[in-house]
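Numbering (this note's numbering), first residue to last: 24 to 432.
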């Protein structure tokens with residue numbers, strides 16, 4: 024940590040547990056999630072509310088070694104993820120609690136009555152002791168619980184991060200929203216799906232995860248540079264809109280509307296590009312500067328190099344379906360692994376569309392130890408979940424890497 028954290032005392036002396044609270048989160052998910060580091064080990068964070076974005080923000084702080092204390096409302100039976108889980112069919116009542124385990128591995132827990140004087144006193148004590156306070160409460164909920172002034176008037180160099188669907192001001196400030204609503208409202212859903220079908224949504228809470236990452240970045244900014252501010256108001260809808268830079272830029276500058284279908288490659292970066300079906304699934308086709316002649320070699324029809332659609336880039340853009348008719352038969356006769364392997368040999372950056380089962384056994388992720396194991400109630404074996412997606416590479420005093428990158432063979 025930098026000098027911004029030098030005045031903070033250690034987590035062991037700052038973190039206080041309530042005698043009336045329970046410490047179930049760590050016990051139920053087997054304590055620490057392997058794969059974390061200790062860069063923020065002197066930071067204590069308190070997490071308020073049930074929002075997934077706030078929980079994901081807290082998860083990232085925990086993965087970096089912070090002590091994260093999740094405060095639950097005893098009058099409602101605790102976090103709803105103790106009773107619900109995300110299944111292939113959507114949110115359902117479940118005792119498996121895999122999402123709860125994924126978001127709260129290694130966190131501590133306090134349960135209190137928000138409405139009682141004792142609960143309010145304990146809650147304010149927890150907030151006062153924390154370096155970072157993460158909240159998913161809307162503006163009305165903060166006022167209702169008497170937390171508005173407490174979070175806006177934190178002492179010293181403490182940091183508060185609010186992760187809510189629409190932020191704490193504006194006409195939607197007091198609205199709640201599901202992940203699907205946020206994907207729709209933030210514009211992302213308009214880009215997903217087939218051109219002749221309705222907009223689609225991804226079957227994971229992607230909007231909340233994006234908001235949680237922005238919340239984590241805000242917390243780091245406040246910890247490292249107190250002058251940057253002490254209260255960060257993160258709107259998940261704003262985060263999603265910010266991710267559509269290319270879509271909004273093309274419309275505002277060129278008047279072009281992104282069309283669903285193969286993706287941005289078809290409409291703006293030329294054709295071919297996007298998802299293509301194959302014998303056992305799909306592959307992502309991306310030319311990325313590769314000569315179009317490489318496609319003719321890939322599909323084992325070198326004579327296609329002389330075809331008008333291979334000769335004229337603009338014509339491929341205007342007549343993409345006709346071009347696809349030339350190459351799709353070969354794709355449908357070959358499996359994804361064979362296609363991608365051969366494409367890589369031709370220096371074409373194709374990619375697999377990995378299923379969850381394939382993701383868990385992927386050689387690249389395994390080499391980097393990107394997946395960690397967490398015990399989940401009801402499962403005999405630990406579940407695997409993403410850990411830190413990056414490494415800290417260490418250097419000595421002279422700037423020489425202690426773990427130098429390997430030279431490709």
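Heads up, the beta-carbon is just placed ideally off N, CA and C, and yes, glycines get one too.
For residue i, count neighbouring C-beta atoms within 10 Å of its own C-beta (all shown protein chains included) and say buried if the count is 16 or more, exposed if not.
{"i": "residue 311", "result": "exposed"}
{"i": "residue 185", "result": "buried"}
{"i": "residue 346", "result": "buried"}
{"i": "residue 415", "result": "exposed"}
{"i": "residue 413", "result": "exposed"}
{"i": "residue 161", "result": "buried"}
{"i": "residue 125", "result": "buried"}
{"i": "residue 168", "result": "buried"}
{"i": "residue 211", "result": "buried"}
{"i": "residue 138", "result": "exposed"}
{"i": "residue 100", "result": "exposed"}
{"i": "residue 288", "result": "Residue placement at residue 288 cannot be trusted, given a pLDDT of 41 that sits under 50; the coordinates are not used to answer."}
{"i": "residue 418", "result": "exposed"}
{"i": "residue 370", "result": "exposed"}
{"i": "residue 420", "result": "exposed"}
{"i": "residue 149", "result": "buried"}
{"i": "residue 131", "result": "buried"}
{"i": "residue 202", "result": "buried"}
{"i": "residue 82", "result": "buried"}
{"i": "residue 140", "result": "exposed"}
{"i": "residue 335", "result": "exposed"}
{"i": "residue 302", "result": "exposed"}
{"i": "residue 13", "result": "What the structure shows of the chain is the stretch from 24 to 432, and residue 13 is not part of that stretch, so it cannot be assessed."}
{"i": "residue 193", "result": "exposed"}
{"i": "residue 241", "result": "buried"}
{"i": "residue 271", "result": "exposed"}
{"i": "residue 129", "result": "buried"}
{"i": "residue 102", "result": "buried"}
Cβ of residue i within 8 Å of Cβ of residue j?
{"i": "residue 239", "j": "residue 351", "result": "no"}
{"i": "residue 355", "j": "residue 405", "result": "no"}
{"i": "residue 258", "j": "residue 175", "result": "no"}
{"i": "residue 80", "j": "residue 235", "result": "yes"}
{"i": "residue 344", "j": "residue 249", "result": "no"}
{"i": "residue 296", "j": "residue 306", "result": "no"}
{"i": "residue 134", "j": "residue 95", "result": "yes"}
{"i": "residue 75", "j": "residue 314", "result": "no"}
{"i": "residue 388", "j": "residue 410", "result": "no"}
{"i": "residue 64", "j": "residue 88", "result": "yes"}
{"i": "residue 330", "j": "residue 293", "result": "no"}
{"i": "residue 233", "j": "residue 262", "result": "yes"}
{"i": "residue 173", "j": "residue 254", "result": "no"}
{"i": "residue 383", "j": "residue 407", "result": "yes"}
{"i": "residue 123", "j": "residue 152", "result": "no"}
{"i": "residue 92", "j": "residue 70", "result": "yes"}
{"i": "residue 171", "j": "residue 177", "result": "no"}
{"i": "residue 90", "j": "residue 136", "result": "no"}
{"i": "residue 349", "j": "residue 332", "result": "yes"}
{"i": "residue 256", "j": "residue 191", "result": "yes"}
{"i": "residue 147", "j": "residue 78", "result": "no"}
{"i": "residue 326", "j": "residue 316", "result": "no"}
{"i": "residue 205", "j": "residue 264", "result": "no"}
For residue i, report the span of its beta strand (DSSP E) as first-last.
{"i": "residue 297", "result": "296-301"}
{"i": "residue 254", "result": "254-258"}
Where does the unbroken alpha helix (DSSP H) through residue i begin, and where does it stop?
{"i": "residue 371", "result": "Per DSSP, residue 371 belongs to no alpha helix (DSSP H) and is neither H nor E."}
{"i": "residue 310", "result": "Premise fails: residue 310 is in no alpha helix (DSSP H) and is neither H nor E."}
{"i": "residue 383", "result": "Premise fails: residue 383 is in no alpha helix (DSSP H) and is neither H nor E."}
{"i": "residue 122", "result": "121-127"}
{"i": "residue 70", "result": "Premise fails: residue 70 lies in the beta strand (DSSP E), 67-71, not in any alpha helix (DSSP H)."}
{"i": "residue 351", "result": "343-355"}
{"i": "residue 224", "result": "Run containing residue 224: none; DSSP gives neither H nor E here."}
{"i": "residue 142", "result": "140-152"}
{"i": "residue 334", "result": "331-334"}
{"i": "residue 174", "result": "171-175"}
Kindly identify the DSSP beta-bridge partner or partners of residue i.
{"i": "residue 304", "result": "301"}
{"i": "residue 198", "result": "Answer is none; residue 198 lacks a bridge partner."}
{"i": "residue 135", "result": "96"}
{"i": "residue 186", "result": "257"}
{"i": "residue 229", "result": "In DSSP, residue 229 forms no bridge with anything."}
{"i": "residue 317", "result": "Paired residue(s): none; residue 317 is not in a bridge."}
{"i": "residue 406", "result": "397"}
{"i": "residue 158", "result": "71 and 185"}
{"i": "residue 91", "result": "68"}
**Asked** Taking one C-beta from the stretch 156-163 and one from the stretch 214-222 each time, how about it: are there three or more such pairs within less than 8 Å?
**Response** At 8 Å Cβ cutoff, the stretches do not touch.
**Prompt:** Are the stretch 321-341 and the stretch 351-368 in contact at 8 Å, needing three or more beta carbon pairs?
**Reply:** Touching, yes, given that three or more Cβ pairs across the two stretches are closer than 8 Å.
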